[in-house]
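**Q**
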Amino acid sequence: RFLTVGEVPTDFTAKVWARVDEKQDAVLEGHAGMVLSAAFSLAGRIILTGSEDRCAKLWDAETLTCTQTLEGHRGAIKAVSLHPDDKFVLTSSRDWSA
Numbered sequence: 423r424f425l426t427v428g429e430v431p432t433d434f435t436a437k438v439w440a441r442v443d444e445k446q447d448a449v450l451e452g453h454a455g456m457v458l459s460a461a462f463s464l465a466g467r468i469i470l471t472g473s474e475d476r477c478a479k480l481w482d483a484e485t486l487t488c489t490q491t492l493e494g495h496r497g498a499i500k501a502v503s504l505h506p507d508d509k510f511v512l513t514s515s516r517d518w519s520a
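Structure, rendered in structure tokens:
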């Protein structure tokens, strides 16, 4: 599976695609701004998204539901990453903080 984000400025979603047939599996909806970044955890159990709405969201990759919203940045979140053991996330923002 793979992720895509930011197709158009009014699209506030991330899309999950099947690797085998490249068909769209799901759309992750819940951000109030354009999704700029997304990443799977190493084990593929978690998806992390970052958005212009200054929030990062954790999603269960199996059920495709949002499990947690992380707030605190004063600018759009432009990059996200998960630690290999899934215990930590890293977000990078246009407010020059991580």
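Here the sequence shown is numbered in our numbering, starting from 423 and rising by one per residue.
Yeah, the Cβ is synthetic: ideal placement off N, Cα and C, and Gly gets one too.
(1) In the DSSP output, which residue or residues are listed as bridge partners for F510?
(2) One question on the structure: do D447 and A440 come within less than 8 Å of each other, judged by their Cβ atoms?
(3) Let's see if you can read the secondary structure: which residues bound the beta strand (DSSP E) around G472?
(4) I'd like to know whether the C-beta atoms of R476 and H505 end up nearer to each other than 8 Å.
(5) State the CB to CB distance for the pair G466 and A483, rounded to an integer number of angstroms; the pair is presumed to be in contact (CB under 8 Å).
(6) Within its chain, find whatever has a CB closer than 8 Å to the CB of D508; leave out the 5 residues flanking it on each side and keep chain order.
(7) In the DSSP assignment, what residue or residues form a beta bridge with A454?
(8) Can you have a look at L512 and say buried or exposed, based on whether 16 or more other CB atoms are within 10 angstroms of its CB?
**A** Put simply:
(1) According to DSSP, F510 bridges with nothing at all.
(2) yes
(3) I468 to S473
(4) no
(5) 6 Å
(6) S463, L464, A465, R467 and I468
(7) Per DSSP, none; premise fails for A454.
(8) exposed
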